[in-house]
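When you line the sequence shown up against mature numbering (1 follows the signal peptide of the UniProt record, and there is no 0), it's residues -27 to -1, 1 to 147, in that order.
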Amino acid sequence: MALQIPSLLLSAAVVVLMVLSSPGTEGGDSEKQPNVVISLSRTEALNHHNTLVCSVTDFYPAKIKVRWFRNGQEETVGVSSTQLIRNGDWTFQVLVMLEMTPRRGEVYTCHVEHPSLKSPITVEWRAQSESAWSKMLSGIGGCVLGVIFLGLGLFIRHRSQKGPRGPPPAGLLQ
């Protein structure tokens, strides 16, 4: 059964998905909380068009509501979704995408409401500049080099404290 969405509704920020089935065909009355992960479709620099993907997986029952926010404001343009996917173990998954152009300092939030949750799950993604990444990598590289040089210095010091290693005195081995 394909999910038919008029093109006008594709820009709606609220994506509500539900699978209708006959009683007893789903996995009973138990509920399973969704796992929520945000990823960027392309690893490009800031200020370039991109797509954030909110992967909502392994939830039961099928009824779920997923919304996107940017800096606390609900996004209503550029939101699209896959149809609800059955995993084969009675759980479901869905991908909800947001077309956007990331700018430094912006915070995007995927907001998920599901019957198994006492309160909604919110997962944040923050736009970071290339310089932030390069600073982080430089810091990690500096720490690694520091540990290497510290270890090398301690090794040399330890060897020099043992004293000279020369041939044993001639009279002791006979």
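Using N, Cα and C, we set each Cβ at its ideal position, and we do this for glycine too.
Consult DSSP for Pro(-5) and reduce its assignment to one of helix, strand or coil.
Because the pLDDT at Pro(-5) is just 32, under 50, the model does not fix this residue reliably, and the point stays unresolved.
Inter-residue CB distance, residue 218 and Arg76 (contact presumed, cutoff 8 Å)
Within the shown structure, residues of the chain are numbered from -27 to 147, placing residue 218 beyond reach of any answer.
Going along the chain, which residues of its own chain have a beta-carbon closer than 6 Å to the beta-carbon of Ile94, five neighbours each way excluded?
Excluding five sequence positions before and after Ile94, the CB atoms of its chain that fall closer than 6 Å to its own CB belong to Val9, Val85, given in chain order.
Report the partner residues of Val52 according to the DSSP bridge assignment.
Answer is Leu71.
In the DSSP assignment, what residue or residues form a beta bridge with Ile94?
For Ile94, the pairing in a beta bridge is given by DSSP as Val85.
Excluding five sequence neighbours on each side, which residues of the same chain lie with their C-beta closer than 7 Å to the C-beta of Thr55?
If we look at Thr55 and ignore the five residues flanking it on each side, its Cβ neighbours are Val67, Leu68.
Delimiting residues of the beta strand (DSSP E) encompassing Asn60
According to the DSSP assignment, Asn60 belongs to no beta strand (DSSP E), since it is labelled neither H nor E.
Range covered by the beta strand (DSSP E) that runs through Lys38:
Per DSSP, the continuous beta strand (DSSP E) segment holding Lys38 begins and ends at 37 to 43.
Give the range of the beta strand (DSSP E) segment to which Asn23 is assigned.
Per DSSP, Asn23 belongs to the beta strand (DSSP E) from 23 to 32.
Going by DSSP, what residue range makes up the beta strand (DSSP E) through Asn8?
Residues 8 to 13.
Return the chain-ordered list of same chain residues with a C-beta closer than 6 Å to the C-beta of Tyr81, the five sequence neighbours on each side being excluded.
For Tyr81, where only same-chain residues beyond five positions count, the Cβ hits under 6 Å are Leu25, Arg43, Trp98.
Is Ile120 buried or exposed, if buried means 16 or more other CB atoms sit within 10 Å of its CB?
Checking the sequence shown, residue 120 turns out to be Val, not Ile. So Val120 counts as exposed.
Below 8 Å on the Cβ atoms is my guess for Cys27 versus Cys83; work out the distance and round it to an integer in Å.
Rounded to whole angstroms, the Cβ separation of Cys27 and Cys83 is 4 Å, and the two are in contact under 8 Å.
Quick one: what's got a C-beta closer than 7 Å to Glu79's C-beta in the same chain, skipping five residues either side?
Result list for Glu79: Arg43, Asn44, Ala100, in chain order.
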